[in-house]
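Notes to accompany the following structure.
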Ligand SMILES: Nc1ncnc2c1ncn2[C@@H]1O[C@H](COP(=O)(O)OP(=O)(O)OP(=O)(O)O)[C@@H](O)[C@H]1O
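In this note's numbering, the protein residues as written are 1 to 253.
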């Protein structure tokens, strides 16, 4: 069952940012969250990660109300990579990634082999092994982003929530991150602006506009020329890619 949202409403002051949002993330699948700037993607992800509480509606994790699950249990299960996640402290990369193990440790347990293995594996998957002892402030924007992804992977979550994780990455690392997340045997929810990457790697997509879900389903079912025109205000032609069979969008000049 994984994460389910039922009729979520979230307001800031008198402004309704999310308005009746309902969906279900299938276990083990990659769900892409699309929508123009300001459509509510980050707001929704912050509710799912329990950083904010909805004004109305419920989020359930395996059928249990998220608001009633202990913070520690949520932290063991859900990893969240925020869009502008950073730190001012000049930690080493490995110190940041080690933080991912925090929810799994008790007052009495020391650092274990399992913790070290999870950190090593996460650094390797994020392509950051060679930078493990580098100082945070010496990293490029993309390297910081990959270190945050390694921190989330070290958490060994069952649900991984990523807010535009590819926005600072070069094309090689964009593709390898999308491939990595698609191959993980966990539920992932990923906000993206690149519609072709979303179509290529995600199992299902949700499209948001002005705080509402306006389309949901498999990429080939929902990515249409009309949707791109109405929601994203672009003219495009869409055809199945001869290389990977998923929809490929050709934007018109
Ligand atoms: N703390 C806040 N105070 C006031 N308005 C906010 C706040 N957080 C979000 N909003 C508003 O809520 C709306 C949705 O914002 P959100 O960041 O969720 O959109 P988004 O789809 O993630 O956008 P982007 O693609 O630009 O990252 C926007 O109109 C934004 O201005």
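By construction, the Cβ of each residue, glycine as well, lies at the ideal position given by its N, Cα and C atoms.
Treat the numbers as computed from the prediction; the structure is a model and nothing was measured.
### residue 40 CB to nearest heavy atom of ligand 1 below 7 Å
Yes - ligand 1 has a heavy atom lying nearer than 7 Å to the Cβ of residue 40.
### Task
Would you list, in sequence order, the uninterrupted beta strand (DSSP E) runs of no fewer than 3 residues that lie entirely inside the segment 51-129?
Given a length threshold of 3 residues, each whole run of the beta strand (DSSP E) inside the segment 51-129 is given here in chain order: 56-61 and 78-81.
### Message
I'd like the ranges of any beta strand (DSSP E) spanning at least 3 consecutive residues and lying wholly in the segment 9-40.
### Response
The qualifying runs are 15-24 and 30-34.
### Message
At a threshold of 7 Å, does residue 127 count as lining ligand 1 (C-beta to nearest heavy atom)?
### Response
No heavy atom of ligand 1 is found nearer than 7 Å to the CB of residue 127.
### Message
Taking contact to mean 3 or more Cβ pairs, one atom from each stretch, closer than 8 Å, check whether the segment 27-44 and the segment 201-213 are in contact.
### Response
With the cut-off at 8 Å, the segment 27-44 and the segment 201-213 touch.
### Query
Within the chosen definition, does the segment 144-154 reach the segment 109-123 through at least 3 CB pairs nearer than 8 Å?
Result yes; three or more Cβ-Cβ pairs closer than 8 Å.
### Query
Counting Cβ pairs closer than 8 Å, one from the segment 160-167 and one from the segment 72-84, do we hit at least three?
With a cut-off of 8 Å, the segment 72-84 and the segment 160-167 count as touching, because enough Cβ pairs lie within range.
### Beta-bridge partners of residue 149, as assigned by DSSP
For residue 149, which the question treats as bridged, DSSP gives no partner whatsoever.
### Query
Among 233, 230, 236 and 94, which one has its Cα closest to the Cα of residue 136?
Of the listed residues, the one whose Cα sits closest to residue 136 is 94.
### Task
For residue 7, verify whether its CB is less than 7 Å away from any heavy atom of ligand 1.
Outside the cutoff, so no.
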